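Be aware that the sequence shown starts at 37, since it is given in our numbering, and climbs by one per residue.
Heads up, the thing below is written out as C-alpha cells.
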Amino acid sequence: PLLRRDGELAGRRFRELVAVPLACRGVFLGFLALADKEQRGGGDPEFTAEDRRFLESVAALAGVALDGARQVENLVRQRERLAEENKVLRGQLAAEVGGRRIVAHAPAMRRVLDLVERVAPRGVSVLLRGESGSGKELLAKLVHHLSGREGPLVALNCGALPESLLESELFGIEGGVATGVSARRGKFELADGGTLFLDEIGDMSPVLQVKLLRALQEREVVRIGGEEPTPVDVRVVAATHRDLEARVAEGTFREDLYYRLRGVELELPPLRERREDIPHLVRQFVEEFCRREKVAPPHVSREAQALLLGHDYPGNVRELQNLIEGAISLADGTISVELLRSLIGPAATAEELSPAGGPEPLDLAGVERRHIQRVLQHVRGNKSEAARILGVDRKTLSRKGF
37 PLLRRDGELA
47 GRRFRELVAV
57 PLACRGVFLG
67 FLALADKEQR
77 GGGDPEFTAE
87 DRRFLESVAA
97 LAGVALDGAR
107 QVENLVRQRE
117 RLAEENKVLR
127 GQLAAEVGGR
137 RIVAHAPAMR
147 RVLDLVERVA
157 PRGVSVLLRG
167 ESGSGKELLA
177 KLVHHLSGRE
187 GPLVALNCGA
197 LPESLLESEL
207 FGIEGGVATG
217 VSARRGKFEL
227 ADGGTLFLDE
237 IGDMSPVLQV
247 KLLRALQERE
257 VVRIGGEEPT
267 PVDVRVVAAT
277 HRDLEARVAE
287 GTFREDLYYR
297 LRGVELELPP
307 LRERREDIPH
317 LVRQFVEEFC
327 RREKVAPPHV
337 SREAQALLLG
347 HDYPGNVREL
357 QNLIEGAISL
367 ADGTISVELL
377 RSLIGPAATA
387 EELSPAGGPE
397 PLDLAGVERR
407 HIQRVLQHVR
417 GNKSEAARIL
427 GVDRKTLSRK
437 GF
C-alpha cells in the first residue's frame with residue numbers, strides 16, 4: 037500500500053491518503069485510494085494496518101470485477117466486428133469463386149447460398165439441380181471453395197464423352213492396355229483430397245453407373261487394365277438438368293446411385309425467377325468482357341435495359357452472358373434495343389413484345405407498361421420493391437398509373 041500525508045489528488049487536498057494497486061492476472065488496472073479517515077467525536081485518526089488489509093481485499097475483488105468487465109467489453113466489440121465482417125462477406129456472397137463474383141440479390145438465390153454455406157463444410161455429397169446454363173458449375177466451385185478440403189476441384193462432363201472414354205477419364209488407365217496407350221490417372225485420383233464435380237450425371241450409361249456406385253461405396257478405384265485398387269478421398273458434387281426421378285422410375289438410372297449422390301439436394305432457380313439479379317449480372321459481364329478484350333464499356337440504353345430485364349432466358353445465365361458479349365462486339369458505343377432484338381431472334385422478341393402472342397408488336401410505351409406489370413406481378417404488387425428493381429422511385433410508378 038502507498039501512504040501519503042498532506043498532499044493533493046485530482047485537485048483535492050487531503051490530510052492522509054492510502055492507496056493500493058488494482059490488478060488482475062498480472063495486468064495493472066489502476067489504484068484504489070481512500071483519503072482522510074473520519075472518526076466520530078472528532079480528532080485526526082490515521083489509517084491502521086487493518087484498514088490497509090481491508091482496502092487490499094476490496095482492491096482484489098474490484099480488480100477481478102474490472103477485468104471481467106473489460107473481457108465482456110472486448111467480447112462485445114469482437115462480436116460486433118465479426119457481425120460486421122459477416123455482413124460484408126454475405127453481401128459479397130462468397131466474393132469471387134474462380135474469378136467470378138456470385139450474384140445473389142434475388143431471395144431465391146440467397147436461399148440457395150444460405151444452404152451452401154451450411155452444407156459445404158460437411159463431407160456429404162451434393163446434387164445440384166437446375167436448368168442448363170443456370171450456374172451449377174459455379175455453385176459446385178463455391179461448395180468446394182467453402183469446404184476447406186485441401187485437394188483440387190476436378191470437373192468432368194458425363195454427357196460430353198462416349199462410354200469408353202468416360203470410364204478411362206473417371207478411373208484412369210494402365211499403360212500397355214492398347215498400342216500407344218500410356219498410364220494415366222483418372223479424375224477420381226486427380227481429385228484425391230478434394231472435390232469431384234460430375235456434371236450432367238443424368239446422361240451416364242447404366243454400365244458406368246454401376247462402376248461409379250462401387251467406387252463411391254468402396255472409396256477406391258481400379259484403373260482400366262489394372263488389378264490393384266487405389267484408395268481415394270473424394271467429395272462428390274453431381275449436377276443435372278434431367279428428371280432423375282423419372283429416369284429411376286423408367287429404369288435408366290440406378291435408384292441406389294441416385295440416393296448415394298443425393299446427400300443434399302440444391303435447386304438453382306432459373307434466371308427468369310431471379311430477375312433482380314439481371315442488372316447486376318449485366319454489369320458484371322460488361323466489366324469482365326471489356327477488361328478481357330481491352331475495350332471501352334458501351335452505354336446500355338434504357339430500352340435495352342428494359343428488354344434485358346423482361347426476356348425469359350431459356351438458356352439462363354449462360355444465354356445472358358453470350359448475349360452481352362455479342363452485343364458489345366457489335367455495338368458502336370451503345371447497346372440498343374434493336375441490336376438486342378437482332379441477337380435474341382425475331383421469334384423470342386415477338387413473343388415477349390406482343391400482347392398475348394399476337395402478331396402486332398407493342399410500341400415502346402407498351403413494352404414499358406408490360407414490363408412494369410411483370411415486375412409488379414413478380415413482387416406480388418409491392419410497389420416499393422418494384423420501384424427498387426426498376427431503378428425508379430415509387431412516385432414514377434404512380435405517375436404511370438400503377
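Don't be surprised by glycine CBs; every beta carbon is placed ideally from N, CA and C.
Computed from a predicted model, the values in this text were never measured in an experiment.
Where residue i sits in the DSSP three-state scheme
i, result
"T215", "coil"
"V152", "helix"
"V94", "helix"
"P350", "coil"
"I138", "coil"
"K419", "helix"
"H491", "For residue 491 there is no data in the structure shown, the boundaries of the chain being 37 and 438."
"R424", "helix"
"S170", "coil"
"P306", "coil"
"R158", "coil"
"M145", "helix"
"R89", "helix"
"E186", "coil"
"P198", "coil"
"E116", "helix"
"S241", "coil"
"E82", "coil"
"A227", "coil"
Opening and closing residue of the beta strand (DSSP E) in which residue i lies
i, result
"D292", "Counting along the chain, D292 falls outside any beta strand (DSSP E), though it belongs to the alpha helix (DSSP H) covering E291 to L297."
"A71", "V63 to A71"
"V162", "V162 to R165"
"E301", "V300 to E303"
Those residues which DSSP pairs with residue i across a bridge
i, result
"N193", "D235"
"R220", "I209"
"V100", "According to DSSP, V100 bridges with nothing at all."
"E361", "According to DSSP, E361 bridges with nothing at all."
"C60", "V63"
"P267", "E256"
"L441", "Outside the displayed span of the chain (37 to 438) sits residue 441, for which this structure offers no information."
"I371", "V336"
"V272", "L232"
Limits of the unbroken alpha helix (DSSP H) element including residue i
i, result
"T16", "No statement about residue 16 is possible, as the shown extent of the chain runs from 37 to 438 and does not include it."
"P315", "I314 to E329"
Residue i Cβ short of 7 Å to the ligand PLP heavy atom set
i, result
"V213", "Absence of the ligand PLP from the depicted structure is noted, as is the absence of any ligand whatsoever, leaving it without description."
Counted within 10 angstroms of its Cβ, other Cβ atoms place residue i as buried (16 or more) or exposed
i, result
"P242", "exposed"
"Y349", "buried"
"R117", "exposed"
"D150", "exposed"
"L201", "exposed"
Euclidean distance between Cα positions of residue i and residue j
i, j, result
"F233", "A423", "40 Å"
"E339", "S372", "7 Å"
"V56", "P143", "60 Å"
"S420", "R255", "53 Å"
"R185", "E281", "30 Å"
"T385", "L344", "In this predicted model, T385 has a pLDDT of only 49, less than 50, meaning its place in the structure is not dependable; the value taken from the coordinates is given anyway. Rounded to the nearest angstrom, the two C-alpha atoms are 11 Å apart."
"A367", "H335", "9 Å"
"L129", "D313", "Confidence at L129 is low in this model, with a pLDDT of 48, below 50, so its placement is unreliable and no value can be given for it."
"S161", "A227", "14 Å"
"R115", "G104", "16 Å"
"H347", "Q357", "13 Å"
"L379", "P315", "18 Å"
"V284", "D292", "9 Å"
"G393", "G187", "Because the pLDDT at G393 is just 43, under 50, the model does not fix this residue reliably, and the point stays unresolved."
"T231", "E323", "30 Å"
"L97", "E52", "24 Å"
"R310", "A191", "26 Å"
"G169", "P198", "22 Å"
"L433", "A342", "15 Å"
"K247", "V257", "9 Å"
"I260", "R298", "27 Å"
"H407", "R430", "15 Å"
"L58", "L70", "13 Å"
"L244", "R250", "10 Å"
"L182", "V273", "13 Å"
"L302", "R158", "14 Å"
"E374", "V353", "21 Å"
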